[in-house]
Amino acid sequence: KISNPRFFREEEHELARAQRKLSKAPKGTPDRKKALKVVERVHERIANKRYEFAHQISNDLVKRFGLIAFEDLNIKGMTKNHCLAKSIHDVAWNMLVTLTSYKAERAGSMVVLVDPRNTSKMCSRCGILVQKDLSERFHNCTQCGLSVDRDWNAAINILRLGLQSVGIKTVEACPF
């Protein structure tokens, strides 16, 4: 499981301060130009941190695995939910997928995108769909009794779908 460093949230207060200073500066003045540069620098720092983090993670994934499976997420659609949009943009999933794909191609590894439908709901042991809310962090199967972290269950299902997409039928390996 890769933790989300939340670079934007980390710099949010500094960005807000810089933007307030910019909005108070009269247009056309040297103070406004200086304040604009500060805002630009904060945005650039956030972007650089995201890019560096995505590079490190993609390098690690390509070095460790011959097949890397990602969910083919509709990020544009997901960001229409204004409650989640800031967090989704902060993660920069698309950047990670793009960097991993080109590095995997160079290294002779494979990246596959799988359908994200029901990866969290499907039991990774027996295959039954278990309905749950987003707030539920554990997968508890009523059929086979499997009780595991929701993300871990989804990772196993994503791996299984990725392996099936390249013609491998069984999962004998641990996803991480």
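Following UniProt numbering, the residues of the sequence shown are numbered contiguously, the last one being 176.
From the three backbone atoms N, C-alpha and C, an ideal C-beta is built for every residue, glycine too.
Small disclaimer: the values here were computed from a predicted structure and weren't measured.
Open item on the list: Let me check one thing: in DSSP terms, what residues is residue 71 bridge-paired to?
Closed with: 114
Task: Cβ-Cβ distance between residue 150 and residue 137 below 8 Å - done: Yes, the pair counts as a contact, with Cβ atoms nearer than the cut-off.
TODO: Report buried or exposed for residue 173, applying the criterion of at least 16 other Cβ atoms within 10 angstroms of its Cβ.
DONE: A caution first: residue 173 carries a pLDDT of 48, below 50, which makes its placement in the model too unreliable to give a value.
- [ ] Note down, in chain order, each residue of its chain lying with its Cβ closer than 8 Å to the Cβ of residue 88, except the 5 sequence neighbours on either side.
- [x] 75, 78 and 79
TODO: Alpha carbon to alpha carbon, how far is residue 67 from residue 162? Give it in angstroms, no decimals.
DONE: Looking at the two C-alpha atoms, the distance is approximately 8 Å.
TODO: Alpha carbon to alpha carbon, how far is residue 120 from residue 154? Give it in angstroms, no decimals.
DONE: 5 Å
Task: Beta-carbon gap between residue 5 and residue 70 smaller than 8 Å - done: no
- [ ] Would you kindly work out how many angstroms separate the C-alpha atoms of residue 122 and residue 133, rounded to a whole number?
- [x] 13 Å
Open item on the list: So, under 8 Å CB-CB, residue 90 and residue 9 are touching, yes? Tell me the CB distance rounded to an integer number of Å.
Closed with: 6 Å
TODO: Give a yes or no on whether the C-beta atoms belonging to residue 111 and residue 100 are separated by under 8 Å.
DONE: The answer is yes: Cβ separation under 8 Å.
Task: Alpha-carbon spacing of residue 167 relative to residue 22, whole angstroms - done: Answer to the nearest angstrom: the Cα atoms are 56 Å apart.
Task: Straight-line Cα distance separating residue 27 from residue 61 - done: 48 Å
TODO: Determine the direct distance from the alpha carbon of residue 7 to that of residue 46, and round the result to whole angstroms.
DONE: 6 Å
Open item on the list: Which same chain residues end up closer than 8 Å to residue 38 when comparing Cβ atoms and leaving out the 5 residues on each side of it in sequence?
Closed with: 18, 21 and 22
TODO: Measure the Cβ-Cβ separation of residue 103 and residue 140 and say whether it is below 8 Å.
DONE: no
Open item on the list: Quick check: residue 125 and residue 96, are their CB atoms within less than 8 Å of each other?
Closed with: no
- [ ] Name the one or two DSSP bridge partners that residue 53 has.
- [x] Looking at the DSSP assignment, residue 53 forms no beta bridge with any residue, so it has no partner.
Task: Selection from 156, 2 and 109 that minimises the alpha carbon distance to residue 63 - done: 109
TODO: Pick helix, strand or coil for residue 129, following the three-state DSSP scheme.
DONE: strand
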